[in-house]
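Undergrad: Numbering (my numbering), first residue to last: 187 to 343.
Every residue, glycine too, gets a C-beta built ideally from N, C-alpha and C.
1) What whole-angstrom Cβ distance do residue 277 and residue 256 have, given they're in contact under 8 Å?
2) Just the Cα atoms here: how many angstroms apart are residue 242 and residue 291?
3) So is residue 328 buried or exposed if we call it buried at 16+ other beta carbons inside 10 Å?
4) Give the secondary structure of residue 432 by DSSP, where H, G and I count as helix, E and B as strand, and everything else as coil.
5) With distances taken Cα to Cα, identify the nearest neighbour of residue 287 among 267, 272, 274, 316.
6) Starting from residue 267, follow the alpha helix (DSSP H) in both directions and report where the run begins and ends.
7) Identify whether residue 321 lies in helix, strand or coil by the three-state DSSP scheme.
8) So the candidates are 247, 227, 326, 196; which of them puts its Cα closest to the Cα of residue 306?
9) What number of angstroms, rounded off, separates the C-alpha of residue 250 from the C-alpha of residue 333?
10) Which residues in the same chain have their Cβ closer than 7 Å to the Cβ of residue 279, if we skip the five residues on either side of it in sequence?
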């Protein structure tokens, strides 16, 4: 139903963050990509690479908003790609507008649980990387923990 992968951009390649060892080339601009598919619709792919740490932090903010039944709208950090999470009763409409607009409708609780679980896993890995700015990510890890208490549907390894 929901497929999520996060990659770091290393040179011209993308490496799954969980396979990455070493230090970041730039701890202020952590380049990478997110792949997000919901109900077999690819919303975000590697061609949309950007500052992946910032993007995940934006998404955590969005998850907090939709958990309160509020709409979330943002752009990718350095690209003209717009992402919107719009709560509709017990569902959420996810919209990603790049060259074309793609939309998908999913149960809000499931979306929050999957995304929050992956955000926790991503941020937890990121802070173990040698020169990562740990303090910058701690408020987002705290927010994810709040979400996971409320939406404990999915547990990752």
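TA: Here's the rundown:
1) With a Cβ gap of about 15 Å, residue 277 and residue 256 do not count as contacting.
2) 20 Å
3) exposed
4) The question about residue 432 has no answer, for the chain in this structure spans 187 to 343.
5) 267
6) Neither: residue 267 is in no alpha helix (DSSP H) and is coded neither H nor E.
7) helix
8) 326
9) 7 Å
10) 272, 289, 291
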